[in-house]
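Data block below; observations after.
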Amino acid sequence: MIVDLIGATRAYWRQLDELESAYSRHELTPQEVDARVKQLMIELGQARRRALAEAWAIGQGVWRQQRETVAGVAAIGGLAYVWLVFSGQA
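Using the working numbering, you'd call the opening residue of the sequence shown number 131 and step up by one each time.
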């Protein structure tokens with residue numbers, strides 16, 4: 131299952147907005163807001179790390195299964211880049 135990083139970020143901003151509203155209504159002290167913001171930042175950081183780990187695992191799986199294809203596409207891309215650089219200077 132792939133982590134919904136965009137959804138996690140939206141939830142983070144929504145919760146920050148809710149905290150701001152509660153603070154504006156004097157329902158929370160600055161210390162409570164600070165503690166909750168730190169907790170929200172930790173949760174978002176964990177979601178980001180999970181997403182990065184999953185993307186890395188997917189990339190490794192593609193590399194293991196399609197090593198020759200990936201290397202061939204990279205080689206063709208490199209040659210195309212070299213050709214474009216040298217043909218532009220001629």
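Ideal Cβ positions, reconstructed from N, Cα and C, are used throughout, including at glycine.
In the three-state scheme derived from DSSP, where H, G and I count as helix and E and B as strand, Leu182 is classed as helix. Going by beta carbons, Trp193 and Val203 fall outside the 8 Å limit. As for any alpha helix (DSSP H) of minimum length 4 sitting wholly inside the stretch 133-213, the runs are 135-154, 160-195, ordered along the chain. A contact between stretches requires three or more CB pairs, one per stretch, nearer than 8 Å, and the stretch 203-217 fails this requirement with the stretch 176-185.
With a contact defined as Cβ atoms closer than 8 Å, Tyr142 and Leu170 qualify at about 6 Å.
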